[in-house]
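The block underneath contains the structure these notes are about, expressed in structure tokens.
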Amino acid sequence: MRQDESVKIKQLYPDLTVQQISQIVAAKWKAMSEDEKDVWRKAAEKEKEQHAIMYPDYKYSPRKPGEKKKRQSRKA
865 MRQDESVKIK QLYPDLTVQQ ISQIVAAKWK AMSEDEKDVW RKAAEKEKEQ HAIMYPDYKY
925 SPRKPGEKKK RQSRKA
């Protein structure tokens, strides 16, 4: 839902920041009925199932704070 709404909002208001777009989308989500939300929840569940089929061995493994790599600067 966030991705779809983000594209529409960016077209209407190209100068908005990511934070502002998220606030607008959050307000729309809160204003939706449960039936409307269920449509998006079912779509998310379907995508999750497709991902599991495409990548059966995938396991989310977040990095610990000490393991994060710093970006290396490029030398010109």
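Heads up: the sequence shown is residues 865 to 940, going by this note's numbering.
Here a beta-carbon is modelled for each residue, glycine too, at the ideal position from N, C-alpha and C.
One question on the structure: do Ser897 and Ile885 come within less than 9 Å of each other, judged by their Cβ atoms? A distance of 9 Å or more separates the beta carbons of Ser897 and Ile885.
Can you tell me which of the three DSSP states Met918 falls into? Taken through DSSP and simplified to helix, strand or coil, Met918 comes out as helix.
Going straight from the alpha carbon of Glu900 to that of Glu913, what length do you get? When rounded, the separation of the alpha-carbon atoms in Glu900 and Glu913 is 21 Å.
In terms of residue numbering, what span does the alpha helix (DSSP H) encompassing Asp868 cover? Counting along the chain, the unbroken alpha helix (DSSP H) around Asp868 starts and ends at 866 to 876.
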